[in-house]
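What follows is a short report on a single structure.
Residue numbers (our numbering): 8 to 133.
In structure tokens, the structure reads:
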């Protein structure tokens, strides 16, 4: 065992291959609870029903980011999706993050109507 592994409490104490709560959302640590399975079902229904927005909320540390990243990774490449994972965010900043993920760069001071731009983009994708 390396000295790095010994200094990491996840590997040293529990024998894990890494930190299950790290920023990388390691899919090997995903273990779906009933709530996770319901959230995945909700995301699937939201996507395939043609809804334009789906929101998953839960307390910090429940696995939302990992669940969503796993869900998105399994989608067909034709599906265009964005995920915003900040708790307290204004509507303008939310739209800014979504548009950036869709490849539409806007600066925080840009006065473009973000909602209208997002709607046009989503209509074009549909």
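We put the CB at the ideal spot given by N, CA and C, even for glycine.
Looking only at its chain, what residues have a beta carbon closer than 7 Å to the beta carbon of residue 91, apart from the 5 residues adjacent to it on each side?
101, 104 and 105
Using a Cβ distance threshold of 8 Å, determine whether the segment 69-82 contacts the segment 105-117, with at least three qualifying pairs required.
no
Taking the alpha-carbon positions, what's the residue 52 to residue 60 distance?
For residue 52 and residue 60, the gap between their C-alpha atoms comes out near 11 Å.
Span separating the alpha-carbon of residue 19 from that of residue 38:
21 Å
Residue 59 - DSSP class collapsed to helix/strand/coil
coil
Cβ pair residue 78, residue 50 closer than 8 Å
yes
Return yes when the Cβ of residue 122 is within less than 8 Å of the Cβ of residue 113, no when it is not.
no
C-beta atoms of residue 136 and residue 43 nearer than 8 Å:
A question about residue 136 goes unanswered here, because the residues of the chain that appear run from 8 up to 133.
Terminal residues of the continuous alpha helix (DSSP H) containing residue 105?
98-108 is the extent of the alpha helix (DSSP H) around residue 105.
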